[in-house]
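Structure, as structure tokens:
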Amino acid sequence: MKITKNNNPWRPNEFSTQDPKEWKIFPRNLTARAAYIVPGNPTTTRPEDAVDNCYPGLEMDARNLHKYFFPGLYFEVYRSDGARLVELTPSDRAAQWINLGLKESDLQDELFLWILKGKTAADQDATNPPAIEFVDTDNTTNIKDLGGLYIWRKVNALFPGKTAVAIGPKPPATGDSLNAAKAQLNSSWNNNNSHLERDPNGKLKFAILITDRSVYLSNQGVIDPDVYKPGELTRTLCTPWTYDFRDCQCFYWASNKPDVNSSEDGKYQYLNFQRKNSNIEPQTEDIANSYEARRLREIDYAEMMVDWEQLRPVVNGREYGESYKPPIPPKGRILTLEEIKKELAYLATVEHALAVQYLYAYYSINAPAEEPPEPDLKTFRIWKGANEVFNIAIDEMRHLHWVNQVLKLLGVETTVKRAAKIGRRFEVPFYLQSLTSTQLQWFIDVEEPSRSTSTGLDGMYVGIQTSLQQLSPEELDPETQRRAVEIIKLIIDEGEGHYVRFSTAQQNLAFYDNAGRGDLPKYIRGGQWSQLSDRPNPELPNSNLYGVPHVEELGSEGFILQKQSDAVYLTLIVFLKLAFAMQDEKISGASLRQAISLMFKLNTINFKLAEKGLTPLFTIPKWWESDPPVTSQEIAQTLLNTAKKQLLESGVLQSSAIAQFAQKAPLTESKVLKEPILSKVLQKVHNESIDEVLAHFDNAISQTTFQ
1 MKITKNNNPW RPNEFSTQDP KEWKIFPRNL TARAAYIVPG NPTTTRPEDA VDNCYPGLEM
61 DARNLHKYFF PGLYFEVYRS DGARLVELTP SDRAAQWINL GLKESDLQDE LFLWILKGKT
121 AADQDATNPP AIEFVDTDNT TNIKDLGGLY IWRKVNALFP GKTAVAIGPK PPATGDSLNA
181 AKAQLNSSWN NNNSHLERDP NGKLKFAILI TDRSVYLSNQ GVIDPDVYKP GELTRTLCTP
241 WTYDFRDCQC FYWASNKPDV NSSEDGKYQY LNFQRKNSNI EPQTEDIANS YEARRLREID
301 YAEMMVDWEQ LRPVVNGREY GESYKPPIPP KGRILTLEEI KKELAYLATV EHALAVQYLY
361 AYYSINAPAE EPPEPDLKTF RIWKGANEVF NIAIDEMRHL HWVNQVLKLL GVETTVKRAA
421 KIGRRFEVPF YLQSLTSTQL QWFIDVEEPS RSTSTGLDGM YVGIQTSLQQ LSPEELDPET
481 QRRAVEIIKL IIDEGEGHYV RFSTAQQNLA FYDNAGRGDL PKYIRGGQWS QLSDRPNPEL
541 PNSNLYGVPH VEELGSEGFI LQKQSDAVYL TLIVFLKLAF AMQDEKISGA SLRQAISLMF
601 KLNTINFKLA EKGLTPLFTI PKWWESDPPV TSQEIAQTLL NTAKKQLLES GVLQSSAIAQ
661 FAQKAPLTES KVLKEPILSK VLQKVHNESI DEVLAHFDNA ISQTTFQ
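The numbers in UniProt numbering rise by one with no breaks, and the one at position 702 of the sequence shown is 702.
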């Protein structure tokens with residue numbers, strides 16, 4: 001900024017503001033600071049906006065920037081034998097070296113960078129930094145250290161400021177020229193004078209050149225167009241994009257393509273996006289977990305470069321042909337705000353019920369908890385199918401949270417009750433059984449994407465989203481409306497993914513049993529999981545139920561595990577109910593994170609039962625459905641006390657802990673039930689993580705208000 005001194009003798013300490021040009025601030029980056037969108041290249045073409053996390057990078061190759069590190073010289077670094085000087089450019093900056101005696105004809109003798117002297121580390125003295133030699137004088141240096149890319153890494157570390165280079169013919173292993181160049185470099189550095197030396201035949205022996213390192217950006221903050229030609233920074237990228245597009249998978253953060261997608265008619269859920277055969281190609285055993293076999297069926301690099309446009313368009317995970325017809329807007333009656341609230345309260349109970357159904361079905365699959373290190377194809381398939389079901393169950397718990405977030409936004413009481421019936425159209429009573437063929441198909445039907453507001457779980461959310469968007473500002477605050485719609489959209493999108501993932505699980509499990517599963521597939525665990533129930537299937541009256549919850553004999557190991565499972569399950573939903581009802585968002589969020597540890601505890605107990613051929617019960621007390629909402633600290637503490645009691649009685653927390661608490665921590669009383677509760681200062685007893693979570697909720701209840 002240029003400031004002009006005011007010449008007014010009466011006000012000598014003030015500066016003139018009459019001419020705005022005198023006060024104008026000239027931004028270094030004109031394009032980025034412009035008050036409007038500047039026509040031309042987007043901001044992502046700028047070097048400071050480029051992604052350069054690997055070699056050669058994603059948007060530019062930084063090596064091309066540093067090839068001009070020394071003004072007037074252009075070095076080629078893509079070589080195994082060093083950095084070769086190939087051009088004196090640009091001419092105005094090379095003039096000083098030409099005036100010194102360096103000639104274009106000298107380049108025919110293959111001049112290389114011998115020595116670099118300049119500051120390359122923060123702790124170095126810029127007045128006399130160490131010199132870095134790029135020649136092997138003692139034959140002990142790894143030959144890779146002499147390559148051009150090694151030299152580039154050193155150049156990349158150069159600080160702005162005084163820099164010297166020694167250049168000469170192809171680097172000798174030893175020789176007087178090299179020793180003379182090293183001595184001359186030290187002398188020239190101290191005297192700040194460049195030097196050039198030739199032999200009697202006029203051949204260049206070496207040259208010592210000294211100046212400041214190049215400034216890569218112009219005064220306007222852009223790459224200097226006088227130095228870098230169009231395409232200079234991207235010319236060494238992989239063609240430049242098709243290699244990465246061919247090799248990178250969808251989970252790579254910079255990728256913009258699917259790995260797999262469904263067929264246009266939706267019949268096939270697992271098709272390779274890059275398959276050579278654009279028609280439907282049935283899957284074979286060798287491509288399930290064989291990288292090389294899969295690549296043989298994909299287009300190669302050359303085909304990607306020439307025929308990339310032959311890849312079929314994919315919209316919402318599904319292939320389309322020459323045209324795409326957007327889905328018809330959902331049909332159905334627009335709900336009022338009160339109807340939306342009522343419907344969401346019901347859907348929260350459905351999410352709870354589905355999470356339990358999915359978890360129960362997951363435990364029935366005879367698959368390991370963790371991915372086997374070296375599985376055969378069948379073992380991998382069954383683990384993959386089971387893992388899909390487990391992850392969807394976790395998603396449903398997240399949906400339960402999201403629905404309660406919307407309820408809270410709308411000023412409605414949150415809920416963790418469990419639906420007795422699932423679906424407005426299905427009207428199927430809640431039940432638990434093993435993941436039979438019928439049960440898996442039922443899960444797919446529930447999650448099937450629906451553009452109708454009257455069918456499927458997804459369709460119910462579509463109707464709510466549409467109705468929310470139709471509310472006027474007088475009916476609902478616009479910001480609340482925006483946040484609620486965003487959350488509902490998340491549930492819809494993830495629900496559509498559940499349909500695809502359940503279908504994938506179905507394919508994996510069918511493969512395991514050679515598609516001949518019958519009524520009871522072979523992947524179901526033995527014991528109680530395979531037992532036929534005398535109860536009718538509530539979904540299909542003519543179909544059987546297998547593996548319904550079975551209470552083990554009183555006092556047996558299985559009975560104890562079932563009691564612990566129920567205690568942890570009740571405590572978990574108590575924690576969720578408390579966290580959802582907390583008004584302070586930070587405390588509520590922290591409480592939800594604390595409750596996650598109990599999910600892991602519940603999974604551990606239930607998996608022990610499953611491995612023994614026994615079933616968890618997922619029992620909800622009769623009082624739970626009629627339990628009042630949490631509206632005060634007193635009600636919250638009473639509810640927490642009930643969970644603690646269940647944990648103690650089941651042995652999850654040992655009963656001996658009561659004596660320890662009585663001795664080491666003062667007991668308080670609940671203002672509602674007048675019964676002793678555990679102190680916030682819990683002792684480390686049966687399970688440290690549960691103790692810590694209980695302590696957190698004791699503290700949280702005392703520090704927040706409720707709905």
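Every residue, glycine too, gets a C-beta built ideally from N, C-alpha and C.
For residue i, does the three-state DSSP call read helix, strand or coil?
{"i": "N641", "result": "helix"}
{"i": "Y324", "result": "coil"}
{"i": "H550", "result": "coil"}
{"i": "T414", "result": "coil"}
{"i": "N404", "result": "helix"}
{"i": "G202", "result": "coil"}
{"i": "H696", "result": "helix"}
{"i": "I210", "result": "strand"}
{"i": "N219", "result": "coil"}
{"i": "S689", "result": "helix"}
{"i": "F112", "result": "strand"}
{"i": "V356", "result": "helix"}
{"i": "I334", "result": "coil"}
{"i": "Q707", "result": "coil"}
{"i": "P478", "result": "helix"}
{"i": "L609", "result": "helix"}
{"i": "M304", "result": "helix"}
{"i": "M60", "result": "coil"}
{"i": "K267", "result": "coil"}
Shortest alpha-carbon distance to residue i belongs to which of the options?
{"i": "A510", "options": "K384, Y431, I394 and S626", "result": "K384"}
{"i": "V500", "options": "V306, E303, K203 and R318", "result": "R318"}
{"i": "S472", "options": "I334, H401, K577 and D226", "result": "I334"}
{"i": "T619", "options": "M599, L570, L592 and Q184", "result": "L570"}
{"i": "E370", "options": "F580, F273 and T604", "result": "T604"}
{"i": "D65", "options": "N391, Y320 and R153", "result": "Per the sequence shown, the amino acid found at residue 65 is Leu instead of Asp. Per the Cα distances, R153."}
{"i": "Y362", "options": "Q184, Q405 and T436", "result": "T436"}
{"i": "L545", "options": "T211, T120, A567 and D519", "result": "D519"}
{"i": "Q249", "options": "P628, P258 and D109", "result": "P258"}
{"i": "Q633", "options": "E649, L617 and A579", "result": "A579"}
{"i": "S365", "options": "F502, Y268 and A386", "result": "Per the sequence shown, residue 365 should be read as Ile rather than Ser. Closest option to I365, Cα to Cα, is A386."}
{"i": "A157", "options": "G175, E322, P130 and A121", "result": "A121"}
{"i": "D493", "options": "V568, E396 and K417", "result": "E396"}
{"i": "P242", "options": "S588, E322, L185 and M304", "result": "Per the sequence shown, the amino acid found at residue 242 is Thr instead of Pro. Of the candidates S588, E322, L185 and M304, the one whose C-alpha sits nearest the C-alpha of T242 is M304."}
Is residue i near residue j, with beta carbons less than 9 Å apart?
{"i": "E692", "j": "T504", "result": "no"}
{"i": "N508", "j": "R381", "result": "yes"}
{"i": "G72", "j": "T89", "result": "yes"}
{"i": "I151", "j": "A83", "result": "yes"}
{"i": "Y337", "j": "L476", "result": "It is Leu, not Tyr, that sits at residue 337 in the sequence shown. Against a cut-off of 9 Å, the Cβ pair of L476 and L337 comes out as a contact."}
{"i": "H401", "j": "L576", "result": "yes"}
{"i": "Q528", "j": "G651", "result": "no"}
{"i": "S194", "j": "W97", "result": "yes"}
{"i": "S565", "j": "L617", "result": "yes"}
{"i": "I487", "j": "Q405", "result": "yes"}
{"i": "T414", "j": "A355", "result": "no"}
{"i": "residue 712", "j": "P538", "result": "Residue 712 cannot be examined here, being either before or after the span of the chain that is shown, 1 to 707."}
{"i": "L694", "j": "L640", "result": "yes"}
{"i": "G148", "j": "F69", "result": "no"}
{"i": "R235", "j": "Y301", "result": "no"}
Assuming residue i and residue j make a contact with CB atoms under 8 Å, what is their CB distance in whole Å?
{"i": "R275", "j": "E298", "result": "6 Å"}
{"i": "L432", "j": "P549", "result": "6 Å"}
{"i": "I132", "j": "K182", "result": "Between K182 and I132 the Cβ distance is about 12 Å, and since that is not below 8 Å, they are no contact."}
{"i": "L561", "j": "L598", "result": "The Cβ separation is near 16 Å, so there is no contact."}
{"i": "Y346", "j": "A393", "result": "Wrong, their Cβ atoms sit about 20 Å apart, outside the cutoff."}
{"i": "Y461", "j": "I491", "result": "5 Å"}
{"i": "V215", "j": "P160", "result": "7 Å"}
{"i": "V314", "j": "N261", "result": "5 Å"}
{"i": "R418", "j": "A353", "result": "5 Å"}
{"i": "T163", "j": "T211", "result": "7 Å"}
Quiz prompt | Three or more C-beta pairs below 8 Å linking the stretch 464-474 and the stretch 553-569 | solution = no
Quiz item: Do the stretch 174-191 and the stretch 77-93 meet, that is, are 3 or more Cβ pairs less than 8 Å apart?
Solution: no
Quiz prompt | Cβ contact check for the stretch 194-209 and the stretch 162-181: 3 or more pairs under 8 Å | solution = yes
Self-check item: Touching by the beta-carbon criterion (3+ pairs, under 8 Å), the stretch 698-707 and the stretch 578-597
Solution: yes
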